[in-house]
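Trainee: This is the structure, below, for whatever I ask next.
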Amino acid sequence: MNLTIDIGNTRTKVAAFDGDEFVAEEKFEHDCAAQVARLIHHYRPERLAWCSVGADDADLMREIERAGCPVLHVTGETPAPVKVAYRTPATLGADRLAAVVGAVTLVPQTDLMVIDAGTCITYDFVDAAGLYVGGNISPGVEMRLEALHARTARLPRIDVDGGEVPDLGYDTDTAIRAGVVRGIGYELQGCIRHHQKRFPNLKIFLTGGDRYAFSDALRRNILTDSHLVARGLNRLLKGGH
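Numbering (the numbering used here), first residue to last: 1 to 241.
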């Protein structure tokens, strides 16, 4: 059994794999060190891979070090089954690399764009020859909502869940919610269309905690997998080939 740990800005995600087969995943926002210790004790993994873009957590690091098995710390410079053309691999988010590796593992020898919609929205491109060219980073839903509230005098901090998202807002709450949620949807669709013009056979993976509506024409090329980073971390345990 392999275990993967993805430490994000908002949540820590722990996934178990039996070889290449996904078994289970749990997500935590609090008491992460204790939860990770519990899962390590439960699964007793033969190998473990982890990456982090979140704040340092000494207690969590200590539990990972105590795993009792070989541990791989994945960074943007970890040998991978893709060639990284990013000019500053030391600053490349390990979750971005892992997501690309996960996508290539599932759909090899294909032009791929991986969109990870979480705290930030990342867009990463790898071509059919396995060259990771790079990508973009954009604010996610909660970050945009917080910025509208924090950087203005009177706009409220609203909750995106459970409220209406009309085409045009009819009060301040719906104007903010529709502006953010629909604006991100337009951003995603514009990005996809732009790259599809250059790469007609482009396939898109959508992962992360947030989902957005797409037209039927775009949806045909969109694959969803909420475990893409975990799959990539598990694949990296095999080495860079």
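Even for Gly, the Cβ is constructed at its ideal location relative to N, Cα and C.
Skipping 5 residues on each side, what residues in its chain have a beta carbon closer than 6 Å to that of residue 235?
Mentor: Residue mapping note: residue 235 aligns to position 235 of the sequence shown, counting from 1. Excluding positions up to five away in sequence, the list reads 101 and 105.
Trainee: How long is the line joining the alpha carbons of residue 198 and residue 90, rounded to whole angstroms?
Mentor: Translated into the one-based positions of the sequence shown, residue 198 becomes position 198. Translated into the one-based positions of the sequence shown, residue 90 becomes position 90. Each residue's alpha carbon lies about 28 Å from the other.
Trainee: By Cβ distance, which residues of its chain are closer than 6 Å to residue 75, with the 5 residues on each side in sequence left out?
Mentor: On the sequence shown, position 75 is the one that residue 75 refers to. Cβ neighbours of residue 75 beyond the five flanking positions: 94.
Trainee: Using the Cβ count rule (16 or more neighbours within 10 Å means buried), how would you classify residue 111?
Mentor: Here residue 111 refers to the residue found at position 111 when the sequence shown is read from its first residue. Residue 111 comes out buried.
Trainee: So, at 8 Å on beta carbons, what are the nonlocal neighbours of residue 60 in its own chain, with the 5 sequence-adjacent residues on each side left out?
Mentor: Walking along the sequence shown from the start, residue 60 turns up at place 60. Closer than 8 Å at the Cβ level, and outside the excluded window around residue 60, lie 7, 12, 32, 33 and 36.
Trainee: Looking only at DSSP bridge pairs, what is residue 138 linked to?
Mentor: As a position in the sequence shown, residue 138 is number 138, starting the count at 1. Bridge partners of residue 138: 121.
Trainee: In terms of DSSP beta bridges, what is residue 51 paired with?
Mentor: Locating residue 51 in the sequence shown gives position 51, where the first residue counts as 1. Residue pairing by DSSP puts residue 51 in a beta bridge opposite 6.
Trainee: Excluding five sequence neighbours on each side, which residues of the same chain lie with their C-beta closer than 6 Å to the C-beta of residue 92?
Mentor: Mapped onto the sequence shown, residue 92 falls at position 92. Cβ neighbours of residue 92 beyond the five flanking positions: 76 and 86.
Trainee: Taking the alpha carbon of residue 10 as the point to measure from, which residue in 162, 238 and 119 has its own alpha carbon closest?
Mentor: Position 10 of the sequence shown holds residue 10. Measuring C-alpha to C-alpha distances from residue 10 to each of 162, 238 and 119 identifies 119 as the nearest.
Trainee: DSSP state of residue 165, grouped into three classes?
Mentor: If you number the sequence shown from 1, residue 165 lands on position 165. Coil at residue 165, not helix or strand.
Trainee: Tell me which same chain residues have a C-beta within less than 6 Å of the C-beta of residue 41, skipping the five on either side of it?
Mentor: Here residue 41 refers to the residue found at position 41 of the sequence shown. So no residue of the chain qualifies.
Trainee: Under the DSSP definition of a beta bridge, which residues are partnered with residue 132?
Mentor: Walking along the sequence shown from the start, residue 132 turns up at place 132. In DSSP, residue 132 forms a bridge with 84 and 126.
Trainee: If residue 80 and residue 97 are in contact, beta carbons under 8 Å, what's the gap, nearest whole angstrom?
Mentor: Translated into the one-based positions of the sequence shown, residue 80 becomes position 80. Translated into the one-based positions of the sequence shown, residue 97 becomes position 97. Contact holds; Cβ gap of about 6 Å.
Trainee: Apart from the five residues on each side of it in sequence, which residues of its chain come closer than 6 Å, Cβ to Cβ, to residue 178?
Mentor: To locate residue 178, count along the sequence shown from 1; it is residue 178. Taken in chain order, the residues that qualify are 165, 166 and 169.
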